[in-house]
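Each residue of the sequence shown is one higher than the one before, starting from 432 at the first, in the working numbering. Working notes, structure below.
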Amino acid sequence: MNDRFFIRGLSGARELSGTIPVSGAKNAALKVMAAALLFRDEVRMENVPAIEDVKRMSDLLADLGCKVVSGKRRTTIRCFGKLRTDLSPDISKRMRSSIVLTGPLLARFGEVSLPHPGGCVIGERPIDFFINGFRALGAKFSIAGTPSGKTYRFRAPGGKLRGAHIFLKNPSVTATETFLMAAVLAEGTTTIENAALEPEIADLAVFLNRSGARIEGMGTSELRIRGLPGSALLRARGAVYTTMPDRIEAGSFIILGALCAKKLRVEGCEPRHLKALLDALSSAGVSLEVGKRHVTVGTRSRRIRFRAVNIKTHEYPGFPTDLQAPMTVFLTQASGESLVFETIFEGRLNYAEALTGMGADITPMDPHRILVKGPAALRGKKLESPDLRAGLAFIIAAAAARGSSYIHNVYNIDRGYERIEERLSRVGLHIRRLSS
Ligand code: EPZ
């Protein structure tokens with residue numbers, strides 16, 4: 432738990448080259464694992480990333496009484512018989528995605544209890560959308576004070592949710608996924624308006640429909656779900672779910688390549704899920720070779736000058752908030768002034784202070800905006816990874832810097848990136864894991 436990374440900076444040299452494979456998407460795999468609670472038979476998954484959050488989700492499901500068997504990037508889950516419906520506070524406080532378990536648990540067993548879900552410290556992370564949505568589906572909500580803090584409890588009268596119309600104030604990703612799963616077993620039809628459009632949601636819906644769900648409108652902001660009759664559950668019937676590529680991991684590697692590679696091929700990604708990033712990098716003067724399942728980036732020229740570009744994060748298909756920190760590192764090396772506007776989370780710019788400590792020229796404008804002036808040479812430093820996406824941004828900054836860096840709280844990086852130091856070493860970065 433106290434591992435740290437040692438990284439030797441490239442001082443602006445372009446030494447990275449080769450091919451780096453992209454893992455399965457954390458934010459797709461976690462939701463399909465939760466969806467296993469909707470199934471009468473075994474759910475088989477492939478290309479599952481070997482990351483801490485997947486282990487935590489496995490622990491949560493096992494704690495409820497499910498049988499989870501994990502192999503080499505394979506996971507099988509059986510959620511048979513009478514299961515518990517109270518989420519383990521120790522585990523769910525460490526991972527925001529635990530909240531999606533409420534949908535299947537409440538829909539199948541008529542009740543669920545949970546602590547305030549944890550996860551990255553990137554803002555307050557309220558759950559009002561979940562409370563309002565479950566109430567619309569007929570559930571009763573209560574809060575109990577317990578020694579370990581507040582426990583939220585939802586209960587469906589008669590053990591069954593009723594289909595309803597849900598309007599989401601923000602197109603929340605996990606709220607969309609949670610109600611999508613709950614509606615599969617609710618009585619009657621549910622519509623979700625202003626649903627999030629992230630590709631992982633359509634991916635989940637396709638998997639559920641293949642297993643007997645009746646979801647319409649996938650890929651659009653209006654979803655319509657007709658609940659299964661009576662106590663029916665979904666059936667996978669032996670079909671295997673293959674986790675889609677992680678677009679955030681792929682985007683981070685492309686940014687790293689733009690700064691430090693002579694030629695880096697990011698293999699096994701979906702470039703069509705990265706249009707906002709690729710557009711921003713192209714506007715900054717980065718040359719990209721975009722294939723069907725790969726992006727190649729880099730140049731041999733040491734004198735290349737990138738142009739500053741303004742970034743405004745936005746729900747998909749806009750610029751992903753999860754790539755905001757890595758992109759800011761890139762902008763510290765671009766010529767001119769770039770305004771970075773984080774519109775989704777109010778606490779997702781805190782990492783910028785550490786970059787300033789490395790030599791970046793970043794001026795905070797307000798809780799949602801920073802002004803980045805470049806190019807500014809970065810110097811290696813001791814860093815603490817505040818969350819998994821800023822953690823990867825620090826790896827990129829350390830790689831571009833002059834001198835060496837240590838990154839502490841590597842658990843935060845291991846939450847979302849599988850064997851990151853092995854894969855980066857293979858393309859030429861001097862990065863070592865030091866276990867204390
Ligand atoms: C998901 O978080 C992802 N997490 C996040 O990735 C990602 O940054 C985020 O979507 C946006 O793309 C998972 O899928 C596990 P939201 P989520 O609900 O669903 C507000 C990572 O690194 N809101 O879409 O929690 C909220 O405060 C993580 O993998 C409410 O106000 O994000 C935010 O401002 C970090 N009330 C906005 O909605 C609610 O009840 C969007 O949040 C719920 C959310």
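Cβ coordinates follow ideal geometry from the N, Cα and C atoms, glycine included. Note that the structure is a prediction, hence the values are computed from the model and not measured.
Cβ-heavy atom distance, residue i to ligand 1, below 8 Å
i      : result
Ser442 : no
Pro757 : no
Asp710 : no
Tyr842 : no
Glu483 : no
Ala627 : yes
Arg566 : no
Glu631 : yes
Val604 : yes
Arg820 : yes
Ile838 : no
Leu461 : yes
Pro578 : no
Asn781 : no
Tyr747 : yes
Thr674 : no
Pro751 : yes
Asn601 : yes
Glu853 : no
Asn478 : no
Pro557 : yes
Arg471 : no
Glu777 : yes
Arg527 : yes
9 Å Cβ cutoff met for residue i and residue j
i      : j      : result
Phe470 : Ala667 : yes
Leu786 : Ile679 : no
Phe565 : Phe585 : yes
Asp818 : Val552 : yes
Val841 : Asp490 : no
Gly873 : Val479 : For residue 873 there is no data in the structure shown, the boundaries of the chain being 432 and 867.
Ala756 : Gly805 : no
Met488 : Ser544 : no
Ile451 : Arg854 : yes
His839 : Leu814 : yes
Leu518 : Leu468 : no
Ala570 : Leu537 : yes
Asn458 : Glu647 : no
Glu618 : Lys591 : yes
Ala465 : Met675 : no
Ala520 : Thr582 : Before going on, a small fix: residue 520 reads as Pro here, not Ala. It is a contact, given that the beta carbons lie within the stated cut-off.
Integer-rounded CB distance, given that residue j should sit under 8 Å from residue i
i      : j      : result
Leu690 : Ile793 : 16 Å between Cβ atoms; not a contact.
Ser769 : Ile735 : In fact, because the Cβ distance is near 17 Å, the residues do not count as touching under 8 Å.
Thr621 : Ala614 : 4 Å
Glu773 : Thr744 : 5 Å
Arg833 : Ser442 : 4 Å
Gly580 : Pro546 : 6 Å
Leu802 : Phe750 : At roughly 17 Å, the Cβ-Cβ gap does not stay under 8 Å, so Leu802 and Phe750 are not in contact.
Asp484 : Gly778 : With a Cβ gap of about 19 Å, Asp484 and Gly778 do not count as contacting.
Leu911 : Val858 : This structure cannot speak to residue 911, because the chain is shown only from 432 to 867.
Gly440 : Ala830 : 7 Å
Gly650 : Ala633 : 5 Å
Pro557 : Glu746 : Going by Cβ atoms, the distance from Pro557 to Glu746 rounds to 17 Å, so no, they are not a contact pair.
Thr759 : Val771 : 5 Å
Own chain residues within Cβ distance below 7 Å of residue i, not counting five before or after
i      : result
Phe761 : Ile686, Ala689, Leu690
Ile844 : Ser816, Leu819, Gly822, Leu823, Ile851
Ala692 : Arg445, Leu447, Ser448, Val728, Gly729
Arg657 : Thr620, Arg645
Phe511 : none
Close Cβ partners of residue i (< 8 Å) along its chain, the five nearest in sequence each way excluded
i      : result
Pro660 : none
Glu624 : His596, Ile597, Phe598, Leu599, Ser652, Glu653
Other residues of its chain near residue i: CB distance less than 6 Å, five sequence neighbours each side excluded
i      : result
Ala681 : Val453, Val697, Cys700
Ala808 : Gly790
Glu477 : Arg505, Val671, Thr673
Ala715 : Phe737, Arg738, Val740, Ala765
Phe610 : Gly564, Ile597, Ile623
Thr605 : Ile530, Val531
Pro548 : Ser523, Arg527, Ser529, Ile530
Ile562 : Phe572
Gly589 : none
Lys498 : Arg509
Arg655 : Thr622, Glu647, Gly648
Pro702 : Val721, Val726
Below-9 Å beta-carbon distance, residue i vs any chain C residue
i      : result
Phe684 : Looking at the structure shown, chain C is missing, and only one protein chain is on hand.
* To do: May I have a chain-ordered list of the beta strand (DSSP E) segments no shorter than 3 residues that lie completely inside the stretch 581 to 608?
  => Listed in chain order, the complete beta strand (DSSP E) runs (minimum 3 residues) inside the stretch 581 to 608 are 596 to 598.
* Asked: What are the start and end residues of each continuous beta strand (DSSP E) run of 3 or more residues lying completely inside the stretch 800 to 850, in chain order?
  -> 800 to 805, 813 to 815, 835 to 839
* Where are the beta strand (DSSP E) runs, 3 residues long or more, that stay fully inside the stretch 656 to 703, in chain order? -> 671 to 673, 692 to 698
* To do: Please go through the stretch 774 to 801 and give each complete beta strand (DSSP E) segment of 3 or more residues, from N-terminal end onward.
  => Listed in chain order, the beta strand (DSSP E) elements of length 3 or more contained wholly in the stretch 774 to 801 are 792 to 797.
* 4-residue-minimum alpha helix (DSSP H) runs that sit fully inside the stretch 433 to 493, ordered along the chain -> 457 to 466
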